[in-house]
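**Q** Have a look at the structure that comes next, please.
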Amino acid sequence: MIRPRRRSDGRKGEGWTSGIFGKDHAHESTVLEPSELFHSRAASVLTAGARGFLVRRLMKTERIQSLIETMKDTVKCAIELQAECNNSQTITQADVDLHHRLQLQLDAAILEFHDVFFTLSVCERMNIISTDREKLTRRLLRTNSVRAPLSAATQRSLQRKLSQGY
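Residues 1 to 166 in the UniProt record's numbering are what the sequence shown spells out, letter by letter.
Structure below.
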C-alpha cells in the first residue's frame with residue numbers, strides 16, 4: 001500500500017499539490033511507482049528528443065534560412081545607414097523613411113520566425129519540413145536529369161582523349 005506523503009513538519013496528506021490547488025490533493029493516485037516514474041522519465045526524454053529534432057530540422061529549411069538571412073541583411077543595412085548618417089551629420093527625410101521601412105521589414109521577419117516556432121501546430125511545422133524536402137528532391141532530380149547534351153565534336157574529342165590514355 002502506498003502511504004500519503006508527509007510534510008517536513010510531520011503532518012500527513014499535505015504535499016506539494018496543496019500549494020498548487022489550494023487544498024490537499026496528494027492522495028494515492030498522485031504518487032507514482034518506480035516503474036511508472038521510469039516510463040514517465042523515458043517518455044519525457046523521447047519527447048524532448050523529438051522536439052529537438054523538429055527544431056533543428058526546421059532551422060535547416062529554406063524558409064527559416066531565408067528569414068534569418070533577411071534579418072541579418074536588414075540589421076546590417078540599418079547599421080550602415082546609421083553610420084553613414086553619423087558621418088555626414090545630416091539626416092534627410094529619405095534616410096528616416098528608409099530606416100523606418102528597414103525596421104518594419106525586420107519586425108515582419110521576426111514575427112514570421114516567431115510564428116513558425118511558437119504559433120504553428122506541430123503538424124504545420126512538419127508540413128514545412130516535408131515541403132522543404134520535396135523542393136530539395138525536385139531540385140536534385142532536375143539538376144541530374146537536365147545535363148546539356150554534348151555536341152558531336154566534343155564527343156569525338158573526348159573519345160580521342162580516352163583512347164590516347166589521358
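Just so it is clear, CB atoms sit at the ideal spot from N, CA and C, and this is done for glycine as well.
It should be emphasised that the depicted structure is a prediction, and the values quoted were computed from it without experimental measurement.
Among the residues of its own chain, which have a CB less than 6 Å from the CB of Thr70, if the five just before and after it don't count?
**A** Position 70 of the sequence shown holds residue 70. Here the set comprises Ala109.
**Q** Going by the CB atoms, is the gap between Cys85 and Ile79 shorter than 8 Å?
**A** Counting from one through the sequence shown, the residue named residue 79 turns up at place 79. Counting from one through the sequence shown, the residue named residue 85 turns up at place 85. Against a cut-off of 8 Å, the Cβ pair of Cys85 and Ile79 comes out as no contact.
**Q** Smallest Cα separation from Leu136: which of Leu102, Val55, Thr61?
**A** Within the sequence shown, the letter at position 136 stands for residue 136. Checking every option, the nearest Cα to that of Leu136 belongs to Thr61.
**Q** What's the C-alpha gap between Met126 and Ser35?
**A** Taking the first residue of the sequence shown as 1, we reach residue 126 at position 126. Taking the first residue of the sequence shown as 1, we reach residue 35 at position 35. Those two C-alpha atoms are separated by around 32 Å.
**Q** My output table needs one value for Pro34: the three-state DSSP class, helix, strand or coil.
**A** Position 34 of the sequence shown, counted from the start, is the residue given in the question as residue 34. In this structure, Pro34 counts as helix in the three-state DSSP scheme.
**Q** Determine the closest residue to Leu102 out of Leu32, Ser157, Lys76, with distance taken between C-alpha atoms.
**A** Position 102 of the sequence shown, counted from the first residue, corresponds to residue 102. Of Leu32, Ser157, Lys76, the residue nearest in Cα terms is Lys76.
**Q** In angstroms with no decimal places, state the Cα-to-Cα distance between Ala83 and Arg63.
**A** Numbered from 1 along the sequence shown, position 83 holds the residue referred to as residue 83. Numbered from 1 along the sequence shown, position 63 holds the residue referred to as residue 63. Taking the straight line joining both Cα atoms gives about 30 Å.
**Q** Given a cut-off of 8 Å on the beta-carbon distance, is the pair Glu112 and Leu54 in contact?
**A** Mapped onto the sequence shown, residue 112 falls at position 112. Mapped onto the sequence shown, residue 54 falls at position 54. The answer is no: Cβ separation not under 8 Å.
**Q** Between Arg160 and the rest of its own chain, which residues show a CB-CB distance below 7 Å, the 5 nearest in sequence each way excluded?
**A** Counted from its first residue, the sequence shown places residue 160 at position 160. Within the same chain, Arg160 has no close Cβ partners at all.
**Q** In terms of residues, what are the limits of the alpha helix (DSSP H) holding Thr70?
**A** Along the sequence shown, one-based indexing puts residue 70 at 70. Per DSSP, Thr70 belongs to the alpha helix (DSSP H) from 62-88.
**Q** Using only the alpha-carbon positions, how far apart do Ala49 and Leu32 sit?
**A** As a first step, residue 49 must be located in the sequence shown, where it is residue number 49. As a first step, residue 32 must be located in the sequence shown, where it is residue number 32. According to the sequence provided, residue 49 is Gly. The question's Ala does not apply to it. Spanning the two alpha carbons is a distance of roughly 23 Å.
**Q** Where Leu150 and Phe117 are concerned, what is the direct C-alpha to C-alpha distance, given to the nearest angstrom?
**A** Here the question's residue 150 lines up with position 150 in the sequence shown. Here the question's residue 117 lines up with position 117 in the sequence shown. Using only the alpha carbons, I get a separation of about 47 Å.
**Q** When you compare the CB positions of Arg57 and Ile129, do they come within less than 8 Å of one another, or not?
**A** Taking the sequence shown and counting its residues from 1, the one referred to as residue 57 is at position 57. Taking the sequence shown and counting its residues from 1, the one referred to as residue 129 is at position 129. Cβ distance < 8 Å, so Arg57 and Ile129 count as in contact.
**Q** Please state whether DSSP places Ile110 in a helix, a strand or coil.
**A** Position 110 of the sequence shown holds residue 110. In this structure, Ile110 counts as helix in the three-state DSSP scheme.
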